[in-house]
Structure formats: C-alpha cells, structure tokens
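Take a look at the structure set out below.
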Amino acid sequence: MKFFIIDDDPEIVEVMKAVLEDAGHTVDSRASGVSGLSWIDSKRPDCLITDLMMAEMDGLELCRQVRAKKELNRTKIIFVSGRGGDVWKKRAKDAGAQGYITKPIDPAAFVDQVMEILK
3 MKFFIIDDDP EIVEVMKAVL EDAGHTVDSR ASGVSGLSWI DSKRPDCLIT
53 DLMMAEMDGL ELCRQVRAKK ELNRTKIIFV SGRGGDVWKK RAKDAGAQGY
103 ITKPIDPAAF VDQVMEILK
C-alpha cells in the first residue's frame, strides 16, 4: 500500500515510516497539512496517517479538505494522536476518518493496528 504520513514530530514520523516500510509498504511524509495537501492531491495515497494537533492546519481540517475532494474518496484516513478520549475519536470520525490510534504508538503493534482499521 501507499501511505502518506503528516505529523510535526520527526521522531514519530521516522518510527511509523520504518515499521510500515519494513512491512513492505511505500511511505512518504510531510511535517504539516499545508505542505502535504498538494502531495496528497497529486499522488493519491491509499492511506493518510495524520496527527491531530499541528500548527498551520490541524488534522481535522486536513481530513475535511481531503474528504471534500471526490478524487480522494478512496483514500483512507487514520489519526495518530496524543489526545485520547471518545470526544476526539468522534471528531475524527465525523471529519471522515476511518480510525484513531493513540500515542505513544507501540512499534511492534503499529502495522497490525493500521491494517485492522483498513479491513
């Protein structure tokens, strides 16, 4: 699968990228929703993994903008955020996300969590 990660924490991006690539997936990333939106438009990843809280454009707004584009309706969206709780999970779902994983992630289980959401 082709994944695209948007998160302003380079360490978490490297962990997610490494475990997804080790599982045989193609991964690219950007540090902000603003810089990533044009890439998403042109490359049309199978799955977008995004943080919730970021400067410039938060993950909810990014999710809404992706969902507003018909050509991206097959792109799955998963939030990975330090904000737990049902309120945030509901907001993510209402914005169009398929799933929500709470940080800190467990590198050994991350790929399985993602694949379970994408089933």
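Just so you know, we're using my numbering here: the sequence shown kicks off at 3 and counts up by one. Beta carbons: idealized from backbone N, C-alpha and C, even for Gly.
Who are the Cβ neighbours of M59 in its own chain at under 6 Å, not counting the five residues just before and after it?
Counting from 1 along the sequence shown, the entry for residue 59 is found at position 57. Only residues of its own chain outside the window of five on either side were considered, and among them G35, V36 have a CB closer than 6 Å to the CB of M59, listed in chain order.
What residues in its chain sit with their C-beta under 7 Å from that of M197, if we drop five residues either side in the sequence?
As displayed, the chain neither begins before 3 nor continues past 121, which places residue 197 out of reach and without an answer.
Hey, I51 and V116: beta-carbon distance below 9 Å or not?
Taking the first residue of the sequence shown as position 1, residue 51 is located at position 49. Taking the first residue of the sequence shown as position 1, residue 116 is located at position 114. Yes. Within cutoff.
In three-state DSSP terms, what is K45?
Here residue 45 refers to the residue found at position 43 when the sequence shown is read from its first residue. Three-state DSSP puts K45 in a helix.
Applying the 10 Å Cβ sphere with the 16-neighbour rule, what's the burial state of V21?
On the sequence shown, residue 21 is found 19 positions in, with the first residue counted as 1. Buried is the call here.
Can you tell me which of P47, L54, I119 puts its alpha carbon nearest to the alpha carbon of M3?
Taking the sequence shown and counting its residues from 1, one reaches residue 3 at position 1. Looking only at P47, L54, I119, the smallest Cα-Cα distance to M3 is reached by P47.
Nearest-angstrom beta carbon gap, C65 and G98 [assumed within contact, 8 Å]:
As a position in the sequence shown, residue 98 is number 96, starting the count at 1. As a position in the sequence shown, residue 65 is number 63, starting the count at 1. Cβ-Cβ separation between G98 and C65: approximately 5 Å, consistent with a contact (criterion under 8 Å).
Quick check on DSSP: helix, strand or coil for S83?
Indexing the sequence shown from 1 puts residue 83 at position 81. S83 sits in a strand when the DSSP states are folded into three classes.
Taking the beta strand (DSSP E) that R32 belongs to, which residues open and close that run?
Within the sequence shown, the letter at position 30 stands for residue 32. For R32, the enclosing beta strand (DSSP E) has its first and last residue at 28–32.
Are there 16 or more other CB atoms within 10 angstroms of the CB of D96, so buried, or fewer, so exposed?
Here the question's residue 96 lines up with position 94 in the sequence shown. Result: exposed.
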